[in-house]
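All remarks here apply to the structure that follows.
2 protein chains.
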Amino acid sequence: MQKKKARESAGPGAGAVRPAGLRHVSRISGTRVHTSVANEIGQRIVRGDYPPGTILPNEAQWSNMFEVSRSVVREAIKMLMAKGLLTSRPKVGSWVEPRERWNLLDRDVLTWYSASPERKAFLKTVQEFRYIIEPEAAALAAARRTDEQMAEISQALQEMGTATTLQDRTDADTRFHVAILRASGNELLMPLGVLIDSALDRLFVFTTREVNSLRHAQKLHENIEKAIRQKKPETARSAVRKLLANTDEVINSAKIAP
Amino acid sequence: MQKKKARESAGPGAGAVRPAGLRHVSRISGTRVHTSVANEIGQRIVRGDYPPGTILPNEAQWSNMFEVSRSVVREAIKMLMAKGLLTSRPKVGSWVEPRERWNLLDRDVLTWYSASPERKAFLKTVQEFRYIIEPEAAALAAARRTDEQMAEISQALQEMGTATTLQDRTDADTRFHVAILRASGNELLMPLGVLIDSALDRLFVFTTREVNSLRHAQKLHENIEKAIRQKKPETARSAVRKLLANTDEVINSAKIAP
DNA sequence: CGTCAAGATATTGTCTGACAAATCGGATAA
DNA sequence: TTATCCGATTTGTCAGACAATATCTTGACG
């Protein structure tokens, strides 16, 4: 999982001892420069620094700002273009596309989005979305899962139970939910795993849960696993709803962290 | 809507009178070369020419194959990378990522996907997905729609009714459904508009519907609009389900077109 | 014989500079 | 006033060079 990497703080490039001046984009070692530039620009756009419709600085300006070559800037811009964040035309430059064109379900865009000012609202939106998707996914999984897929789900559940650190537990939790999406047999549901990933990652902040709460959550997960194992779609559906309701409670009862 | 553009057949570049040889990628005038290259490579990947795990030709080879510069190839590859189709590393090259990493809900990927061999299966998957999403979206819309959003929905409906060509009708149909997604008030639902877009586009092939069938479909749409207008979530939900069921019927009763 | 280290090698990553193409805006002409 | 041309700006494309990185090979050594 590249989640770990994403969690690292991005200090000035580790291995970035460049002849002429330090890189003006934050890099983490091993990352390629165009990726960093794309991250930086993408984050700024999603964060709202450049509202939709705004003309962005031109390639030469980015190139100066970040002290990288124009090719790097161009490759970064192409990546953002591929995610629907912007469009360019000769003589006019690149401008930010309206939000409805953004590929919000893209892993990167979602990451940038989840880090933007309205974190609380974001989490609420994601939860609402999960309410729509996950119960149905579980129901489909209960109807169509293969034995391999079932094993994957069960294993993730077990790893949730035996996890020693909260981080490990969260990772296993994510695997559990994503495995269900996979078992649903609908390819279009799989890309939504990034959502859950992101949600649980955000949720991570809230979880200073005590043991009782954790045990309860575990039980709710077990119910889902059981329903899918026994191939009971309707039971699976409502089990997921219960889990989500519980998650909502956790969010609401927790004080909002910075 | 750039839907029109997507429907054009892609003959050898119109304005592509190049000094040395014709472009080896199909272009439509106005398109940029890197876009065409990305399209070509992306299509091949999604179509299955290069199964996941395969090492792709290297940049120099693409450059030769398409008779374009390496920078163009690189920009194209960056776009595909941004869509999760591939990853590259020095000395080893670029390889196709496993399908679950693909950003299937991306507009382009979806277009390539919908054109790939298993069209029928694709349509079925999309329909199943719509069953999950759209009823809930309509229910949310019924609960939260603003008057502007309502106007948008109603207008699309009306344009559906007065459309003279099947193409116009399909476009209005798409607008209708997307407007509902927008009115749902959940930003994450909006990107799914591309799905509906794609689905109706595919469906377009099937629709040699006679007048009666069209009139019936129109009525079903009206029911949805009415429920949202009257702010009745439960009614909206079931109205959408009825429409989708009708769509399924159309698909199943139609002979599969080439 | 196997294991590890150093070097050769292939491929992407980055830089630079140049020119082409597209397009916007204003100046000019009908 | 409207249409047309022209200049200027920005992205688009090209070419060639070198750097960084990872794989593979080869050889030394235990």
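Line order of the protein sequences matches chains A and B. Take 1 as the starting number for the first sequence in our numbering and just add one per residue. Take 1001 as the starting number for the second sequence in our numbering and just add one per residue. Beta carbons are placed, not taken as given, at the ideal position from N, Cα and C, and that holds for glycine.
Problem set entry | Per-residue contacts from Met1079/B into chain A (C-beta, under 8 Å) | Here residue 1079/B corresponds to residue number 79 of the second sequence, with the count starting at 1. What Met1079/B touches in chain A: Lys78, Met79, Met81, Ala82.
Exercise. In whole angstroms, what is the alpha-carbon distance linking Arg237/A and Ala139/A?
Worked result: Along the first sequence, one-based indexing puts residue 237/A at 237. Along the first sequence, one-based indexing puts residue 139/A at 139. For Arg237/A and Ala139/A, the distance between alpha carbons rounds to 5 Å.
Exercise. What runs of the beta strand (DSSP E), each 3 residues or longer, lie entirely inside the segment 1064 to 1131 of chain B?
Worked result: If we require 3 residues or more, the beta strand (DSSP E) runs fully inside the segment 1064 to 1131 of chain B come out as 1086 to 1089, 1093 to 1096.
For this session: Give the interface partners of Ser1071/B over in chain A, defined as CB-CB distance under 7 Å, in chain order.
Result: Position 71 of the second sequence holds residue 1071/B. By Cβ distance, chain A contributes Ser71.
Exercise. For Leu1086/B and chain A, any beta-carbon pair shorter than 8 Å?
Worked result: Looking up residue 1086/B in the second sequence gives position 86. Leu1086/B has a beta carbon lying at 8 Å or more from every beta carbon in chain A.
Problem set entry | Segment limits, alpha helix (DSSP H) that includes Leu166/A | Start at 1 with the first residue of the first sequence, and residue 166/A comes out as number 166. Here the alpha helix (DSSP H) through Leu166/A covers 166 to 183.
Exercise. Can you give the beta carbon distance from Ile55/A to Trp95/A, rounded, assuming they're within the 8 Å contact cut?
Worked result: By 1-based counting over the first sequence, the position of residue 55/A is 55. By 1-based counting over the first sequence, the position of residue 95/A is 95. With 8 Å as the limit, Ile55/A and Trp95/A qualify as a contact, their Cβ atoms being about 5 Å apart.
Problem set entry | Inter-stretch contact (C-beta, 8 Å, three-pair minimum) for the segment 112 to 123 of chain A and the segment 1086 to 1106 of chain B | In short, these stretches do not touch, since the Cβ pair count stays below three.
For this session: Report buried or exposed for Val1072/B, applying the criterion of at least 16 other Cβ atoms within 10 angstroms of its Cβ.
Result: Counting from one through the second sequence, the residue named residue 1072/B turns up at place 72. The residue in question, Val1072/B, is buried, as its Cβ has 16 or more Cβ neighbours within 10 Å.
Exercise. By Cβ distance, which residues of its chain are closer than 7 Å to Ala38/A, with the 5 residues on each side in sequence left out?
Worked result: Here residue 38/A is taken as the residue at index 38 of the first sequence, counted from 1. Counting only Cβ-Cβ distances below 7 Å, and skipping sequence neighbours, we find Ala76, Met79, Leu80.
Exercise. Which same chain residues, not among the five before or five after Ile45/A, have their C-beta less than 6 Å away from its C-beta?
Worked result: In the first sequence, counting from the first residue as 1, residue 45/A sits at position 45. Taken in chain order, the residues that qualify are Leu85, Val96.
Exercise. To which residues of the same chain is Gln1218/B closer than 7 Å at the C-beta, ignoring the five residues directly before and after it?
Worked result: Position 218 of the second sequence, counted from the start, is the residue given in the question as residue 1218/B. Within the same chain, Gln1218/B has close Cβ partners Met1160, Gly1161.
For this session: Quick one: residues in its chain with C-beta nearer than 8 Å to the C-beta of Glu234/A, no 5 flanking neighbours on either side, listed in chain order?
Result: In the first sequence, counting from the first residue as 1, residue 234/A sits at position 234. Excluding the 5 residues flanking it on each side, Glu234/A has same chain C-beta neighbours closer than 8 Å at Ala139, in chain order.
Exercise. Under 8 Å, do Gln214/A and Asp173/A count as touching if we go by C-beta distance?
Worked result: Reading the first sequence from its first residue, position 214 is the one you call residue 214/A. Reading the first sequence from its first residue, position 173 is the one you call residue 173/A. First, the residue type needs correcting, since residue 214/A is Leu and not Gln in the sequence shown. At a Cβ-Cβ threshold of 8 Å, Leu214/A and Asp173/A do not count as neighbours.
Problem set entry | DSSP state of Ile41/A mapped onto helix, strand, coil | Position 41 of the first sequence holds residue 41/A. Reduced to three states, the DSSP call for Ile41/A is helix.
Exercise. Contact between the segment 145 to 161 of chain A and the segment 97 to 104 of chain A: three or more CB pairs below 8 Å?
Worked result: Counting Cβ pairs under 8 Å, fewer than three are found: no touch.
Problem set entry | Coarse secondary structure for Ile1055/B, derived from DSSP in three states | For the purposes of this step, residue 1055/B is taken as residue 55 along the second sequence, with counting starting at 1. Note: Ile1055/B maps to strand in three-state DSSP.
Exercise. For Val126/A versus Leu189/A, is the C-beta distance shorter than 8 Å?
Worked result: For the purposes of this step, residue 126/A is taken as the residue at position 126 of the first sequence. For the purposes of this step, residue 189/A is taken as the residue at position 189 of the first sequence. In this structure, Leu189/A does not lie closer than 8 Å to Val126/A by Cβ.
Exercise. If we count the other Cβ atoms within 10 Å of its Cβ and call it buried at 16 or more, is Ala1121/B buried or exposed?
Worked result: Stepping through the second sequence from its first residue, residue 1121/B is reached at position 121. Under this definition Ala1121/B is an exposed residue.
Exercise. Between which two residues does the alpha helix (DSSP H) containing Met1150/B stretch?
Worked result: Your numbering for residue 1150/B matches position 150 in the second sequence. Counting along the chain, the alpha helix (DSSP H) containing Met1150/B begins and ends at 1147 to 1162.
Exercise. DSSP three-state call for Asn186/A: helix, strand or coil?
Worked result: If you number the first sequence from 1, residue 186/A lands on position 186. The answer is coil: DSSP assigns Asn186/A none of H, G, I, E or B.
For this session: Would you mind telling me which residues of chain B sit closer than 9 Å to Arg182/A, beta carbon to beta carbon, in chain order?
Result: Within the first sequence, residue 182/A is the residue found at index 182, counting from 1. Within chain B, the residues near Arg182/A are Glu1100.
Problem set entry | For Leu1243/B and His1221/B, believed in contact at Cβ under 8 Å, the rounded distance | As a working mapping, residue 1221/B is identified with position 221 in the second sequence. As a working mapping, residue 1243/B is identified with position 243 in the second sequence. With 8 Å as the limit, His1221/B and Leu1243/B qualify as a contact, their Cβ atoms being about 7 Å apart.
Exercise. Got a sec, what are the start and stop residues for the alpha helix (DSSP H) His221/A sits in?
Worked result: Taking the first residue of the first sequence as position 1, residue 221/A is located at position 221. Unbroken alpha helix (DSSP H) run through His221/A: 211 to 229.
For this session: Under 8 Å by Cβ, that's how I've got Val240/A and Pro135/A pegged, so tell me the actual separation to the nearest angstrom.
Result: Taking the first sequence and counting its residues from 1, the one referred to as residue 240/A is at position 240. Taking the first sequence and counting its residues from 1, the one referred to as residue 135/A is at position 135. Sure, about 5 Å apart at Cβ, within 8 Å.
Exercise. Considering Ile1251/B, what are the terminal residues of the alpha helix (DSSP H) in which it resides?
Worked result: Numbered from its first residue, the second sequence carries residue 1251/B at position 251. Going by DSSP, Ile1251/B is part of the alpha helix (DSSP H) stretching over 1233 to 1253.
Exercise. Closer than 8 Å, CB to CB, is Glu1075/B near chain A or not?
Worked result: Position 75 of the second sequence holds residue 1075/B. True, the Cβ-Cβ gap to chain A drops below 8 Å.
For this session: Mind listing the chain A neighbours of Thr965/B? Cutoff is C-beta to C-beta under 8 Å, in chain order.
Result: An answer regarding residue 965/B cannot be provided, because it is not within the stretch 1001 to 1258 covered by chain B.
For this session: Tell me, please, whether the CB atom of Asp106/A is closer than 8 Å to any CB atom in chain B?
Result: Against the first sequence, residue 106/A aligns to sequence position 106. Asp106/A counts as touching chain B.
For this session: Would you grab the beta carbon distance between Asn186/A and Glu1118/B for me? Rounded to a whole angstrom, and I think it's under 8 Å.
Result: Here residue 186/A refers to the residue found at position 186 when the first sequence is read from its first residue. Here residue 1118/B refers to the residue found at position 118 when the second sequence is read from its first residue. Incorrect: roughly 14 Å between the Cβ atoms, too far for contact.
Exercise. When you compare only the Cα positions, how much space is there between Asn1223/B and Gln1230/B?
Worked result: Translated into positions along the second sequence, residue 1223/B becomes position 223. Translated into positions along the second sequence, residue 1230/B becomes position 230. The C-alpha of Asn1223/B lies about 11 Å from the C-alpha of Gln1230/B.
For this session: Please report the Cβ distance between Leu181/A and Leu192/A, rounded to the nearest whole angstrom; I am assuming they are in contact, meaning their Cβ atoms lie under 8 Å.
Result: Locating residue 181/A in the first sequence gives position 181, counting from the first residue. Locating residue 192/A in the first sequence gives position 192, counting from the first residue. Contact flag correct, Cβ pair sits at about 6 Å.
Exercise. Where does His1024/B fall in DSSP's three states?
Worked result: The count along the second sequence starts at 1 and reaches residue 1024/B at position 24. The answer is coil: DSSP assigns His1024/B none of H, G, I, E or B.
For this session: Compare the C-alpha of Phe66/A against each of Ser36/A, Ile132/A, Arg47/A and name the closest.
Result: Numbered from its first residue, the first sequence carries residue 66/A at position 66. If we check each option's Cα against that of Phe66/A, Ser36/A comes out closest.
Exercise. What in chain B is Cβ-close to Pro191/A, meaning under 7 Å?
Worked result: Counting from one through the first sequence, the residue named residue 191/A turns up at place 191. Counting only Cβ-Cβ distances below 7 Å, Pro191/A has contacts in chain B at Asn1103, Leu1104, Leu1105, in chain order.
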